[in-house]
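This report refers to the structure that appears directly beneath it.
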Amino acid sequence: MASAHQQTAIIIPARYGSSRFPGKPMAKIAGTAMLERVWRIAKAVERVDAVYVATDDDRIAKLVTDFGGEAVMTPTTCRNGTERSLATLAEIDVQPDIVLNLQGDAVLTPPWILQALVDAMQDDVGLTMATPAVRMTAKQVADLVAAKADGQVSGTTVTFDSKYRALYFSKRVIPYVRGRSDAPPIYRHIGLYAYRRDVLETLCGLEPGPLEQAEQLEQLRALENGIGIQVVEVDYRGRTHWSVDAPEDVVKVEELIAEEGELVDLT
2 MASAHQQTAI IIPARYGSSR FPGKPMAKIA GTAMLERVWR IAKAVERVDA VYVATDDDRI
62 AKLVTDFGGE AVMTPTTCRN GTERSLATLA EIDVQPDIVL NLQGDAVLTP PWILQALVDA
122 MQDDVGLTMA TPAVRMTAKQ VADLVAAKAD GQVSGTTVTF DSKYRALYFS KRVIPYVRGR
182 SDAPPIYRHI GLYAYRRDVL ETLCGLEPGP LEQAEQLEQL RALENGIGIQ VVEVDYRGRT
242 HWSVDAPEDV VKVEELIAEE GELVDLT
């Protein structure tokens with residue numbers, strides 16, 4: 002169901018404090034601050050009216066101003082990026098219809114993945130939330146299963162119905178396949194979300210349910226309360242995804258950028 006353009010904002014929550022990597026958004030990657038890289042990725046997405054960096058730290062706000070972005074100061078009491086995104090809406094004049102939450106360390110997230118989310122929400126006003134997932138190869142599945150057996154927590158998979166509406170997200174590899182040669186594909190979830198503004202407001206007013214608490218996956222709050230999530234299938238087009246969780250990850254990301262090139266123009 003196509004519709005007229007809806008006001009869309011990308012909000013990038015960015016905290017200075019981190020037990021494993023203090024000041025992470027300000028860390029330089031190949032000469033450019035991580036947060037600036039993420040901001041430039043967001044700015045490359047079409048059909049987006051504004052990009053904001055939501056922070057509670059003056060040092061990050063100054064960095065954003067210096068590279069030409071717009072910082073919004075939010076309370077230190079925000080418990081997560083979702084709450085920080087909602088707090089941003091209280092501080093800006095133009096209220097978007099669609100909000101996309103992009104983490105401040107998502108430095109290797111291709112802009113075409115964000116574009117797919119924006120397009121899905123713009124083109125179908127019936128969608129309440131959207132999130133991307135990538136189809137895994139047999140080797141990727143085997144590697145993830147082995148890593149989970151060794152105790153790895155990271156790596157979330159998702160199942161969905163014939164219309165790509167999410168059924169469940171889990172830190173286990175789902176669906177479980179019992180010795181079938183024609184097993185269904187397995188999809189790895191990418192932690193990005195696009196919301197209708199009213200849905201974002203509703204979610205932040207709800208308490209975590211038992212499934213969310215068991216899996217420690219915030220998106221399950223939506224499913225537990227009957228809020229649908231549209232899964233958008235995407236791919237990395239041959240690029241490598243790598244999370245920046247600790248200082249040593251910076252070197253790996255720099256190596257990947259040197260090998261695969263920049264995602265967007267940084268000039």
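Under our numbering, the residues of the sequence shown are numbered 2 to 268, in order. Ideal placement from N, C-alpha and C gives every residue a C-beta, glycine not left out. Source: prediction; values computed, not measured.
* Pair every Cβ in the region 60–77 with every Cβ in the region 226–240, then say whether three or more of these pairs are closer than 8 Å. => no
- On a CA-only basis, which of A195, A28, G70 and K29 is nearest L118? Give me that one, please. A195
Look up I12 in the DSSP assignment and give the residues it is bridged to. Y53 and N102
Problem - From P14, D67, M35 and W243, residue whose alpha carbon lies closest to that of L87 - result: P14
message = Using C-beta distances below 7 Å, list every residue in its chain close to Y41, excluding the 5 sequence neighbours before and after it, in chain order.
response = The sequence given here has Arg at residue 41, not Tyr. Excluding residues within five positions, the ones whose Cβ falls inside 7 Å are V265 and L267.
Please state whether the Cβ-Cβ distance between V49 and T83 is less than 9 Å.
No, these two residues do not count as a Cβ contact at 9 Å.
Review point. So what's K172 in DSSP terms, helix, strand or just coil?
Key: K172 falls in the coil class under three-state DSSP.
key: Three-way DSSP call (helix, strand, coil) for E219 in this model   = coil
- Report yes if the CB atom of V254 is closer than 9 Å to the CB atom of V108, and no otherwise. V108 sits close to V254, with the two beta carbons spaced by under 9 Å.
Checklist line | the region 127–134 contacting the region 48–66, beta-carbon criterion three pairs below 8 Å | finding: no
- Indicate the three-state DSSP secondary structure (helix, strand or coil) for I228 in the structure shown. coil
Margin query: Quick check: V52 and I11, are their CB atoms within less than 9 Å of each other?
Written below: yes
*Does the count of Cβ pairs from the region 172–188 and the region 90–105 closer than 8 Å reach three?*
no
At the level of alpha carbons, what is the spacing between E213 and F170? 10 Å
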